[in-house]
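J.: Submitted below is the structure of interest, expressed as structure tokens.
Residue numbers (the numbering used here), protein chains in the order written: chain A, 85 to 528; chain B, 144 to 327.
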């Protein structure tokens, strides 16, 4: 057994392994690869771009919510206001005068709910008759709402207790919001002193409308392109290279006009099929700062472009900086389902899920030849003819009449199939988010 | 030349020049940490980038600038360990026999004078993953067994046992390497 002193002497001569390791690595600072900062710089730039994009999309979404909320507030408020205006009390006091003449006065218009402004009704005379002939003609002046043409049905209800007709029901046309006019006399003892004239809202008669509807809409989306390696060729694509491709994506715009036929399956569910036209404008900024791909995978099969898989990634290439702009027009056939959830009588939340078959009708501009790192014209040899995509959207709609609805949705769309031709080592798919405005009109 | 304080305040403002300065000043040192905790050079490069991104993201939470390098080192170690944990989800266990292994460092010493840090690192990488990590954490980064146990989701006694085995294994490897060098 060694004494403590012996151990110390031994340690000074030959320190323990922990101490030795610490000494050995205390100044260990190997230089990272020359391109390390460039890669980090590119990642930071990409991150900043994503943040900017997020802010942009967030602003679009927030604006949409704000617009929708304001619309709900404005129209909802206006609707309520109309309703309350319609529901204002119209207390026409009919006083019995000395010579049995009845005068009317426009009384308070705000206290009692569910009554409609008869004070604003037009200049038509409502005759109040009774068996005792106490009540005479009542002139209702300044009427704007109730007109004789609106009155579909007049009914007199006798008040047996007082042997006097005390209630008159006026059923008015559906277009007119005030549905029922009710006149209630007020008594003091046996004498009719005054009469309240009120209007009560009544549910409009339901019409049997067709289950078919026609929709026309416009989408304005912000898109971006996502790059990935084909799974079977993934091992040949250097991840740094792919990173650069991903960083190249930039904000684009896609405008889409669509028409669709809807069929209502139930109160909430509909199915839809239609036709759309979309133009997708793409700007791609390719910036390979330090290197270019080497394509030396002998014995491999060339991809759809005639290129061999990207085998490696040299760190010696020149800086490559290209900008490509391309336009793609597509004719699309969307098919899907729509779900509407009513919030109140005129507003509802609407959502849709669609599958779209997109036929590329025109292609113009440049994109990157991912192997040669040079721009190339896009044409049917570069991009596919048929692309499949999916679209989901959620928003609100307002029933502006019995037949028509107007609405707005936030939508997002993504491509199942990549733009580049089959079997290319790098694949690109577009993804977009944006706003739709639409108008639906019930047929027949 | 910018001071550390100026670099930090620049990084907080996302000033790319300050970020590059920080990278130039500490990149090599941090890359050393990355290499110690990674299996390959490529992994270390990835770790270096992820670590700096994390540093730039969280630099505004830095309260004091004097322990800045230690703070960065800890970020890199945490990141390396979280990657390790993700890769190997199981808690680290050692066999029962090794539970009583010695933790007395004085019994284990090796002559690594003739070996460069790169060579020692190569030998450490030949150790099983968990041995290398515990040795790195305890011997070089001076973390306690309690901290190691927390990081690696294991017990303190396990950490001690692993360390003991790792030292012995590394010592053997160093001796073999030295012998081989002398023979050549």
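Cβ coordinates follow ideal geometry from the N, Cα and C atoms, glycine included.
Do the stretch 402 to 415 of chain A and the stretch 347 to 356 of chain A touch if we need at least three Cβ pairs shorter than 8 Å?
T.: Contact fails: fewer than three Cβ-Cβ distances are below 8 Å.
J.: If you measure from the beta carbon of residue 292 (chain B) to each beta carbon in chain A, is any gap under 8 Å?
T.: Here residue 292 (chain B) is taken as the residue at index 149 of the second chain, counted from 1. It does not; no Cβ of chain A falls within 8 Å.
J.: Could you run through the stretch 476 to 504 of chain A and flag, in chain order, every residue whose CB is less than 8 Å away from some CB of chain B?
T.: Listed by position along the chain: nothing, the set is empty.
J.: Going by beta-carbon coordinates alone, are residue 444 (chain A) and residue 469 (chain A) separated by less than 8 Å?
T.: On the first chain, position 360 is the one that residue 444 (chain A) refers to. On the first chain, position 385 is the one that residue 469 (chain A) refers to. Their beta carbons are under 8 Å apart, which means residue 444 (chain A) touches residue 469 (chain A) by this criterion.
J.: So, with DSSP's three-state summary, where would you put residue 214 (chain A)?
T.: Sequence index remark: in the first chain, residue 214 (chain A) carries index 130 (1-based). In this prediction, residue 214 (chain A) scores a pLDDT of 35, lower than 50, which makes its location untrustworthy; no coordinate-derived value is stated.
J.: Could you compute how far the alpha carbon of residue 241 (chain B) sits from the alpha carbon of residue 188 (chain B)?
T.: Here residue 241 (chain B) is taken as the residue at index 98 of the second chain, counted from 1. Here residue 188 (chain B) is taken as the residue at index 45 of the second chain, counted from 1. Summary for residue 241 (chain B): the model assigns pLDDT 44, below 50, so the residue's position carries little reliability; its value from the coordinates is reported in the next sentence. Those two C-alpha atoms are separated by around 35 Å.
J.: Taking residue 117 (chain A) as the query, report the chain B residues whose CB atoms sit under 7 Å from its CB, ordered along the chain.
T.: Along the first chain, read from residue 1 onward, the residue named residue 117 (chain A) stands at position 33. Ordered by position in chain B, the residues that pass the 7 Å Cβ test against residue 117 (chain A) are 188.
J.: Using a Cβ-Cβ distance under 8 Å, would residue 139 (chain A) count as near chain B?
T.: The sequence position of residue 139 (chain A) within the first chain is 55, counting from 1. No, because no Cβ of chain B sits closer than 8 Å to the Cβ of residue 139 (chain A).
J.: Out of curiosity, what's the CA-to-CA distance linking residue 509 (chain A) and residue 147 (chain A)?
T.: Translated into the one-based positions of the first chain, residue 509 (chain A) becomes position 425. Translated into the one-based positions of the first chain, residue 147 (chain A) becomes position 63. Taking the straight line joining both Cα atoms gives about 39 Å.
J.: If contacts are defined as beta-carbon pairs under 8 Å, then residue 500 (chain A) and residue 474 (chain A) qualify, I think. What distance do you get, rounded to the angstrom?
T.: Taking the first chain and counting its residues from 1, one reaches residue 500 (chain A) at position 416. Taking the first chain and counting its residues from 1, one reaches residue 474 (chain A) at position 390. Between residue 474 (chain A) and residue 500 (chain A) the Cβ distance is about 7 Å, and since that is below 8 Å, they are a contact.
J.: Inspect the CB distances between the stretch 212 to 220 of chain B and the stretch 168 to 179 of chain B and report whether three or more fall short of 8 Å.
T.: Yes, the stretch 212 to 220 of chain B is in contact with the stretch 168 to 179 of chain B.
J.: I want to check one thing, is the minimum distance from the CB of residue 198 (chain B) to the heavy atoms of the ligand FMN below 7 Å?
T.: This structure lacks the ligand FMN; in fact it carries no ligand of any kind.
J.: Give me the Cα-Cα distance between residue 438 (chain A) and residue 417 (chain A), rounded to the nearest whole angstrom.
T.: Along the first chain, read from residue 1 onward, the residue named residue 438 (chain A) stands at position 354. Along the first chain, read from residue 1 onward, the residue named residue 417 (chain A) stands at position 333. Cα to Cα, residue 438 (chain A) sits roughly 10 Å from residue 417 (chain A).
J.: Of all the residues that make up the stretch 103 to 116 of chain A, which are near chain B by a beta-carbon distance shorter than 7 Å?
T.: Going along the stretch 103 to 116 of chain A in chain order, one finds 104, 105, 106, 108, 109, 112, 113, 114, 115 and 116 with a Cβ nearer than 7 Å to chain B.
J.: Based on the DSSP output, what are the partners of residue 300 (chain A) in its beta bridges?
T.: For the purposes of this step, residue 300 (chain A) is identified with residue 216 of the first chain, where counting begins at 1. The partner list for residue 300 (chain A) (beta bridge, DSSP) reads A:343 and A:523.
J.: For residue 170 (chain B) versus residue 118 (chain A), is the C-beta distance shorter than 8 Å?
T.: On the second chain, residue 170 (chain B) is found 27 positions in, with the first residue counted as 1. On the first chain, residue 118 (chain A) is found 34 positions in, with the first residue counted as 1. No, Cβ-Cβ distance for residue 170 (chain B) and residue 118 (chain A) is not below 8 Å.
J.: Give the DSSP-derived three-state secondary structure of residue 279 (chain B) in the structure shown.
T.: Here the question's residue 279 (chain B) lines up with position 136 in the second chain. Helix.
J.: Going by C-alpha to C-alpha distance, which of B:181, B:196 and B:172 sits closest to residue 123 (chain A)?
T.: As a first step, residue 123 (chain A) is located in the first chain; it is residue number 39 there, counting from the start. When each option's Cα is compared against that of residue 123 (chain A), the closest is B:196.
J.: For residue 128 (chain A), would you say it is in contact with chain B, using Cβ-to-Cβ distances shorter than 8 Å as the test?
T.: In the first chain, the residue the question calls residue 128 (chain A) occupies position 44. Chain B contact via Cβ: present.
J.: Should residue 171 (chain B) be flagged as near chain A, meaning a C-beta pair shorter than 8 Å?
T.: Translated into positions along the second chain, residue 171 (chain B) becomes position 28. Chain A contact via Cβ: present.
J.: If you reduce the DSSP assignment to three classes, tell me which class residue 484 (chain A) lands in.
T.: Position 400 of the first chain holds residue 484 (chain A). Reduced to three states, the DSSP call for residue 484 (chain A) is coil.
J.: If you draw a straight line from the C-alpha of residue 361 (chain A) to the C-alpha of residue 414 (chain A), how long is it?
T.: Residue numbering aside, residue 361 (chain A) sits at position 277 when the first chain is read from its first letter. Residue numbering aside, residue 414 (chain A) sits at position 330 when the first chain is read from its first letter. In a straight line, the C-alpha of residue 361 (chain A) is about 6 Å away from that of residue 414 (chain A).
J.: Quick check on this structure: which residue in A:476, A:460, A:127 and A:428 has the alpha carbon closest to the alpha carbon of residue 327 (chain A)?
T.: Sequence index remark: in the first chain, residue 327 (chain A) carries index 243 (1-based). Checking every option, the nearest Cα to that of residue 327 (chain A) belongs to A:127.
J.: Taking buried to mean at least 16 other C-beta atoms within 10 Å of its own C-beta, is residue 284 (chain B) buried or exposed?
T.: Taking the second chain and counting its residues from 1, the one referred to as residue 284 (chain B) is at position 141. So residue 284 (chain B) ends up on the buried side.
J.: Shortest alpha-carbon distance to residue 519 (chain A) belongs to which of A:359, A:526 and A:480?
T.: Numbered from 1 along the first chain, position 435 holds the residue referred to as residue 519 (chain A). Here the closest residue by C-alpha is A:480.
J.: So if DSSP puts residue 489 (chain A) in a beta bridge, which residue, or which two residues, is it bridged to?
T.: Counting from one through the first chain, the residue named residue 489 (chain A) turns up at place 405. Answer by DSSP bridge pairing, in chain order: A:483 and A:524.
J.: Touch check for the stretch 202 to 212 of chain B and the stretch 144 to 152 of chain B: three-plus C-beta pairs under 8 Å?
T.: Touching, yes, given that three or more Cβ pairs across the two stretches are closer than 8 Å.
J.: By the 10 Å Cβ neighbour count, where 16 or more other Cβ atoms means buried, how is residue 192 (chain B) classified, buried or exposed?
T.: Numbered from 1 along the second chain, position 49 holds the residue referred to as residue 192 (chain B). Residue 192 (chain B) is buried by the Cβ-count criterion.
J.: From the beta carbon of residue 123 (chain A), is the nearest beta carbon of chain B less than 8 Å away?
T.: Residue 123 (chain A) sits at position 39 when you count from the first residue of the first chain. Chain B contact via Cβ: present.
J.: Give the range of the alpha helix (DSSP H) segment to which residue 350 (chain A) is assigned.
T.: Here residue 350 (chain A) refers to the residue found at position 266 of the first chain. Per DSSP, residue 350 (chain A) belongs to no alpha helix (DSSP H) and is neither H nor E.
J.: May I have the straight-line CA-CA distance separating residue 486 (chain A) from residue 513 (chain A), to the nearest angstrom?
T.: Numbered from 1 along the first chain, position 402 holds the residue referred to as residue 486 (chain A). Numbered from 1 along the first chain, position 429 holds the residue referred to as residue 513 (chain A). Approximately 41 Å between the Cα atoms of the pair.
J.: Among B:313, B:214 and B:268, which residue has its Cα nearest to the Cα of residue 183 (chain B)?
T.: In the second chain, residue 183 (chain B) corresponds to position 40, counting from 1. Checked all of B:313, B:214 and B:268; the closest Cα to residue 183 (chain B) is B:268.
J.: Going along chain A in order, which residues have a C-beta closer than 7 Å to the C-beta of residue 166 (chain B)?
T.: Along the second chain, read from residue 1 onward, the residue named residue 166 (chain B) stands at position 23. Within 7 Å Cβ-Cβ: 121 and 124.
J.: For the stretch 339 to 350 of chain A against the stretch 297 to 304 of chain A, do three or more pairs of beta-carbon atoms, one drawn from each stretch, fall closer than 8 Å, so that the two count as touching?
T.: Touching, per the Cβ criterion.
J.: Output yes if chain A places a C-beta closer than 8 Å to the C-beta of residue 282 (chain B); else output no.
T.: Here the question's residue 282 (chain B) lines up with position 139 in the second chain. So yes, residue 282 (chain B) belongs to the interface.
J.: With 16 as the cutoff for other CB atoms within 10 Å, does residue 322 (chain B) come out buried or exposed?
T.: The residue labelled residue 322 (chain B) in the question sits at position 179 within the second chain. With fewer than 16 other Cβ atoms within 10 Å, it is exposed.
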